[in-house]
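Undergrad: The opening position of the first sequence corresponds to residue 0 in numbering that gives the first Met the number 0, with each subsequent residue numbered one higher.
The beta-carbon is built from N, C-alpha and C at its ideal position, and this holds for glycine as well.
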Amino acid sequence: MAEQKKMVNDITSMEEDFAKWYTDIVKKADLIDYTSVKGCLVIRPYAYAIWELIQKNMDDRFKATGHENVYMPLFIPESLLQKEKDHVEGFAPEVAWVTHGGAEQLQERLCVRPTSETLFCEHYANSIQSHRDLPKLYNQWCSVVRWEKTTRPFLRSREFLWQEGHTAHATAQEAIEETERMLGVYADCCREAMNMPVIKGKKTESDKFAGAVSTYCIETLMHDGKALQAGTSHYFGDGFAKAFGIQYTDKDNQLQYVHQTSWGTTTRLIGAIIMMHGDNNGLVLPPQVAPIQVVIIPIASHKEGVVEKAEELKSRLSANFRVKIDNSDNSAGWKFAEYEMKGVPLRLEIGPKDIENNQCVIVRRDNREKAFVKLDELETRVGEILADYAESIYNKALDNIKNRTYDCKTMDEINEIFALKGDGFIRAMWCGSEECEDIVKEKTGAGSRCIPYEQEKISDVCVCCGKPAEELVYWGKAY
RNA sequence: CGGGACAUAGCUCAGUUUGGUAGAGUGCUUGGUUUGGGACCAAGAUGCCGCAGGUUCAAGUCCUGUUGUCCCGACCA
C-alpha cells in the first residue's frame, strides 16, 4: 500500500500555507490551548517544559555574568509609569489598567506591567547611594501584559512569559559594555541551546525601545522568509536616572547619575524554534531544549524480554539524557508519527530481532536517518548522533537564511526579489533618514530590521533616496 | 482598531439555502486479535449547536447584540 492513510490529525503542509501550518502545529503537538481571554494562551506541559529548559540555560548564563534574580510587583502606579516621558508614550497605548480593588475605586489606577523599568528605577533610587553600590545587576523572570490588537500563539500574545534584565552602572561605558555583553549572551544561547543562527545588530532610531538611547537586537529569519526579533538589549544612558533621581556619590564625593540597561527575551523563542526548525511532519526540537531527547519504542512488546530490555536501555541512557519509554498499546507506526510531531530528536526502536543481535535502531528526527547501534556503544553513539543532529539543524537553518538573504541597490530590485523568490532578508544601504525607512516600508512591505554589526559597503548610495549612504541595513517583512 | 471568514462530540467536519426528535468519521471506554511507518473485530459512552436577547406553536437553522479564533491592513517581544 503505497499511499499512507490520510489521518485527520495530519498537519498542513508548510510549503502550501505556512501560517496555517504554524497554528496547526502549536495545537497538534500539544503546545497550547486557547482560553476565553483573547490573546491569552494555556501553555501546556510539553511547551512549558521547553520553556523551562530555555530558562535554565539562559539563567545559568546570566548567573555566570554576575546577575542576580529578583522579583518586582505586577502593578505599577500610574504616576510611576509617567515619570519618563518617552517610556510612557511608547507603552501607554498597550497597557491594561486596574481601577478597582474589591468594591472600592482606586485613587490612583494601577498599570499591569508591560515591562518593569519604572519599578526597577524606583528601587534603584531608594537603594543606590555610593559608587560602592554599583553596579546593580538584576534579572527577573515573570509575565507581562501588552494589550495587542492582533495576536498569534507564542509570537504575540497579550500576556507572555519573559525574562527582563535590569542593570545600573557608574559609567556610560560600563553600561554600553553590559548592553553588548548581554546581546552576545543571547546570541550564544540561541546558537548553542536552540541551534538558531541570528544576526546581531542595532535598531534604527524609529525602532528603538521607548526611553532608550540605543536598542540592540538579534534578528532571525523563519522558514517562510519572514523576520523575527528574538531578543533585545537596551542602553538607556542616564535618561531614566534623571527622571527618577537615581544618583550616587563617586570617589571624588561628586553626585552622579547612573547609567542603565535592560534586556529581554520571551516565550516567543518557542515560536522561533517551531518556525525555524519544524517541517511537514511537525516539530523538530534542538536537543538542549527538548523535554524528551530520546524516546524508546519497544517493538512487539508482548514478546518475552522486550519490555525488560527497553527499561534497561532507558535506565542506562537516563544517566545522561532525557529519556521516555512509550509502553502504551498504540501501534508502533502511530508512536513514530506522534513523537515526530512532537519533535523528539531521537527515536530508539528495540524489538526481538534487535535483542537477538545485541543492537537497537536509532532514527534521527531531522533527516530520518536510521542507524543500527550496538548496545555496547549505546551511550557514546547517542551522544554523537545528538551532537551531529544539533549541528545539522543549525546549518540547515543557516543555509535557509543565507539562501534567502539578498543584496539590493534599488527598491525595484527589492520588489523583484520578493515577487520572484518570496520573502527574505534584504541587505541594502541606507542614508539614515526616517523618511526613507517609511518609504521603503510602504513601497516594498519590508521594514528595517537592524543595522548589523557586520557591516559591508554594497553600494555608495541609499536604496531609497539615492543620497550618499554609510550604513548597511537588513530589511524584511516581520512577524 | 478597519475589511473578510468561521464558531455543532476530545479532534476534523456535515446539517443552516427551504425552521419540525442532534449527525458522520476519527478519538475515547471494555473485551479479543495485533505490533519494524498512523492495525483489525465486536460492544459501549460522549453534546447549554460559543454566549445573551428576539421572531415563532416550534430555532443548530431566521434577526439583533456580544465573545472568541483565523486571514488581510495599521500597532507591537
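1) Output yes or no for whether 7 Å exceeds the beta carbon distance between residue 39 and residue 80.
2) Is the region 440 to 449 in contact with the region 407 to 419, if contact means three or more CB pairs nearer than 8 Å?
3) Could you tell me which of 302, 315, 320 sits nearest to residue 326, measuring between CA atoms?
4) With distance defined between alpha-carbon atoms, name the residue in 118, 51, 145, 58 nearest to residue 37.
5) Could you spell out where the beta strand (DSSP E) holding residue 429 opens and where it closes?
6) Kindly indicate which three-state DSSP category residue 279 falls into: helix, strand or coil?
7) So for residue 42, helix, strand or coil by DSSP?
8) Return the chain-ordered list of same chain residues with a C-beta closer than 6 Å to the C-beta of residue 184, the five sequence neighbours on each side being excluded.
9) According to the neighbour-count rule (16 or more other Cβ atoms, all chains shown, within 10 Å of its Cβ), is residue 194 buried or exposed?
10) Measuring CB to CB, does residue 27 end up less than 7 Å from residue 42?
11) Report back the beta-carbon spacing between residue 342 and residue 305 to the nearest angstrom; my notes put them in contact at under 8 Å.
12) Let me know if residue 131 comes out buried or exposed under the rule of 16 or more other beta-carbons within 10 Å of its beta-carbon.
13) In terms of residue numbering, what span does the alpha helix (DSSP H) encompassing residue 333 cover?
14) Between the region 311 to 327 and the region 285 to 295, do at least 3 Cβ pairs fall closer than 8 Å?
15) Would you be able to state if there are at least three C-beta pairs under 8 Å between the region 255 to 273 and the region 375 to 392?
16) Just to confirm, is the Cβ distance from residue 112 to residue 75 under 7 Å?
17) Just the C-alpha distance for residue 463 and residue 226, rounded to the nearest angstrom, thanks.
18) How is the alpha helix (DSSP H) around residue 353 delimited, first residue to last?
19) For the alpha helix (DSSP H) holding residue 399, just list the boundary residues, first then last.
20) Do residue 167 and residue 135 have their beta-carbon atoms positioned less than 7 Å apart in this structure?
21) Would you tell me roughly how many angstroms separate the C-alpha atoms of residue 352 and residue 312, rounded to the nearest one?
22) Start and end of the beta strand (DSSP E) containing residue 214?
23) Compute the Euclidean distance between the alpha carbons of residue 2 and residue 66, then round it to the nearest angstrom.
24) By Cβ distance, which residues of its chain are closer than 6 Å to residue 86, with the 5 residues on each side in sequence left out?
25) Would you tell me roughly how many angstroms separate the C-alpha atoms of residue 289 and residue 107, rounded to the nearest one?
26) Going along the chain, which residues of its own chain have a beta-carbon closer than 8 Å to the beta-carbon of residue 359, five neighbours each way excluded?
27) Sort out for me which residues DSSP pairs residue 359 with in a bridge.
28) What is the DSSP secondary structure of residue 94, counted as helix, strand or coil?
TA: For this structure:
1) no
2) yes
3) 302
4) 145
5) 424 to 429
6) coil
7) strand
8) 60
9) buried
10) no
11) Going by Cβ atoms, the distance from residue 342 to residue 305 rounds to 26 Å, so no, they are not a contact pair.
12) exposed
13) 331 to 340
14) yes
15) no
16) yes
17) 21 Å
18) 351 to 356
19) 377 to 402
20) yes
21) 16 Å
22) 213 to 220
23) In this prediction, residue 2 has a pLDDT of 33, which is less than 50 and means its spatial position is unreliable; nothing more can be read from the coordinates.
24) 209, 210
25) 45 Å
26) 312, 347, 348, 349, 353, 371, 372, 374, 377
27) 372
28) coil
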